[in-house]
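Notes follow the structure.
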Amino acid sequence: MSKNPNSEFIVIKAIEDGVNVIGLTRGSDTRFHHSEKLDKGEVMIAQFTEHTSAVKVRGRAIIQTSHGEIESEPKK
Ligand code: TRP
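If you count by the numbering used here, then the sequence shown holds residues 303 to 378, one letter each, in order.
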């Protein structure tokens with residue numbers, strides 16, 4: 303596993319239409335800077351960068367990271 307956080311990739315696979323992958327800014331001002339909409343079966347591969355410190359996933363998706371795999375689910 304790499305020590306450089308910017309070389310880490312995360313993989314998000316939508317398991318329903320309309321999943322949103324939202325990038326949040328790095329630094330003292332934490333806000334949304336990018337929202338990507340994925341339809342069922344679509345995959346996004348993303349890194350943490352100078353500009354992106356956190357990612358929020360909205361909708362049902364499988365998320366793989368170096369820490370493992372997790373499934374996001376909509377609120378009941
Ligand atoms: N321009 C953004 C950046 O370099 C693109 C990006 C990278 C991004 N990782 C992301 C957008 C994760 C959304 C989610 O930081």
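Each residue gets a CB set at the ideal place from its N, CA and C atoms; glycine is no exception.
- Quick one: does the C-beta of E338 sit closer than 7 Å to a heavy atom of ligand 1? yes
- Tell me which same chain residues have a C-beta within less than 7 Å of the C-beta of P376, skipping the five on either side of it? G361, R362
- Is G361 near ligand 1, going by C-beta to nearest heavy atom under 7 Å? no
- Query: With respect to 7 Å, is the separation between the Cβ of V323 and the closest non-hydrogen atom of ligand 1 below this value?
  - Reply: yes
- Query: Going by the beta-carbon positions, is the gap between I347 and F311 smaller than 8 Å?
  - Reply: yes
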